[in-house]
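K.L.:
Take 1 as the starting number for the sequence shown in UniProt numbering and just add one per residue.
In this text, a Cβ means the ideal position worked out from N, Cα and C, and glycines have one as well.
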Amino acid sequence: MTRVQWKAAFAAVLVGGMVLAARADIRIGQTVGVTGAVAATVKESMAGARLYLDEVNARGGVHGEKVQLITLDDAFDVGKAEANARMLIEEQGVLALFMSRGTPHTEAIYPLLDKHRVALVAPSTGAMVLHQPVRPYLFHVRATYQREAERAMAHLTGLGLQRIAVLHVDDSFGADGLQGARNGLKKAGLEPVAVARFDRAKPEFTALLPGLKAAGPQAVLVIGSGTAVVQGLRALRQAGVGAQYLTLSNNASNGFIQLLGADARGIIVGQVMPTSPAYPLVTQATALARAQGMDDVSPALLEGFAGAKVLVEALRRAGPRPTRASVQQALDNLGRYDLGGLTLHYHGGSHSGLEFAELTIIGASGKFQR
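1. Under the assumption that Gly307 contacts Ala122 (Cβ atoms under 8 angstroms), give the Cβ distance between them as a whole number of angstroms.
2. Express the C-alpha separation of Pro299 and Gly261 in angstroms, rounding to a whole number.
3. Which complete alpha helix (DSSP H) runs does the segment 169-252 hold, if anything under 4 residues is left out?
4. Using a threshold of 8 angstroms, state whether the C-beta atoms of Val42 and Gly48 are closer than that.
5. Exposed or buried, what is Gln369 when buried is set at 16 or more other beta-carbons lying within 10 Å of its beta-carbon?
6. Secondary structure at Leu112, three-state DSSP: helix, strand or coil?
7. Can you name, in chain order, every residue of its own chain whose Cβ lies under 6 angstroms from the Cβ of Gln68, other than the five neighbours on each side?
8. Within its chain, find whatever has a CB closer than 6 angstroms to the CB of Gln218; leave out the 5 residues flanking it on each side and keep chain order.
9. Are there 16 or more other CB atoms within 10 angstroms of the CB of Leu159, so buried, or fewer, so exposed?
10. Please report the straight-line C-alpha distance between Thr71 and Gln30, rounded to a whole angstrom.
11. Can you list, in chain order, the residues of its chain with a C-beta nearer than 7 angstroms to that of Arg237? Leave out the 5 residues immediately preceding and following it.
12. Which first and last residues belong to the alpha helix (DSSP H) in which Ile257 is found?
13. In the structure shown, what three-state DSSP assignment does residue 455 receive?
14. Does DSSP put Thr71 in a helix, in a strand, or in coil?
15. Ignore the nearest five residues each way along the sequence and tell me which others in Gly363's own chain have a CB closer than 6 angstroms to its CB.
16. Compare the Cα-Cα distances from Ser365 to each of Ser172, His131, Met153 and Gln258 and report the closest residue.
17. I need the boundaries of the alpha helix (DSSP H) containing Val62, first residue and last residue.
18. How far does the alpha helix (DSSP H) with Pro288 in it extend, from its first residue to its last?
19. Take the Cβ of Lys309 as the centre, count every other Cβ of all protein chains shown within 10 Å, and call the residue buried at 16 or more, exposed below.
20. Output the boundary residues of the alpha helix (DSSP H) element that contains Val312.
21. Are there three or more Cβ pairs, one per stretch, closer than 8 angstroms when the segment 86-96 is compared with the segment 106-125?
22. For Pro274, does the count of other Cβ atoms within 10 angstroms reach 16, so buried, or fall short, so exposed?
23. Tell me the DSSP secondary structure of Asp296 in three-state form.
24. Have a look at Gly353 and Leu344 and give me their C-alpha separation to the nearest angstrom.
25. Return helix, strand or coil for Asp332, following the three-state DSSP convention.
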């Protein structure tokens, strides 16, 4: 090969490399409990996120680049969540993180976000400690647990119920939900008639049941995740504790209903996503789901779908060849953004995004009903 030919070949390699770089995927990282206690709900939220991302990618992606979601399983373990986030940020070089799951898990991840200046979009937790004061690298796409719990207490006291107990997981998530319940009851001049805690890693309810039953509650709010809440609700039902059972939106999935089986009917579940087709967000997700052969759109699926919409909008506004800094800046400057009948709002004093919260009940058909 002559010197001229060699130069031409080298130039071709450089051009080819630049073309490949221009078409490189936008890499987004996620650590979440694909297995473990929250797997059933995670499966649905991930399906919602991928439903929207697949549609975006099928239309050419964002500025000509496809969005690649790299998901690592942390099995709902705090230590694994932190290790996964470190790998995604420091080794995989992701532009942003997306939809972590769990309050203590997100708390463990946050120092890494702060150190590397990486945004986390749509963490699936509504703990107030992650909302106030504002954390610069967290961008929520759901209401707080305290808002949900207050809404639930207002509903119960509005029906005339006064004896309400709280059974909660013994971690920052459980403490946050308990505070919301106390806030809601306080507005009606009440306090919980009983409060009991269970271990997140090894939930055990037998020793808690006598005290809860002796309090004679008319309703019990169970704050926890996935299989632990299923076990708790069954234990309460078998012991004859309480007349009405409630839980929060982190369990708002069809998978949770399936885990409960015959015990699901009549349980009230908080929601941070609408269920009504009057919302364009719901109709858009439903149409895409049906096109993929999915029969039902659960609130958990909608949360993943909505989170992915916010992520993609930030990537669009970050411009071609986005960086961690440009994605962060795009989110900071997002302002008001219509998700489809729900207006998300980020500003200097808040990254909470949405305030929507409502209650549903699991009907005889095994579906959420308003």
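P.N.:
Working from what's here:
1. 3 angstroms
2. 18 angstroms
3. 172-186, 209-214 and 226-239
4. no
5. exposed
6. helix
7. Asp25 and Arg27
8. Leu161, Arg163 and Ala243
9. exposed
10. 5 angstroms
11. Asp263
12. Asn254 to Leu260
13. The question about residue 455 has no answer, for the chain in this structure spans 1 to 370.
14. strand
15. Gln369
16. Gln258
17. From DSSP, Val62 is part of no alpha helix (DSSP H); its letter is neither H nor E.
18. Before going on, a small fix: residue 288 reads as Leu here, not Pro. Note, Leu288: alpha helix (DSSP H), Pro280 to Ala291.
19. buried
20. Pro299 to Ala318
21. yes
22. buried
23. coil
24. 5 angstroms
25. helix
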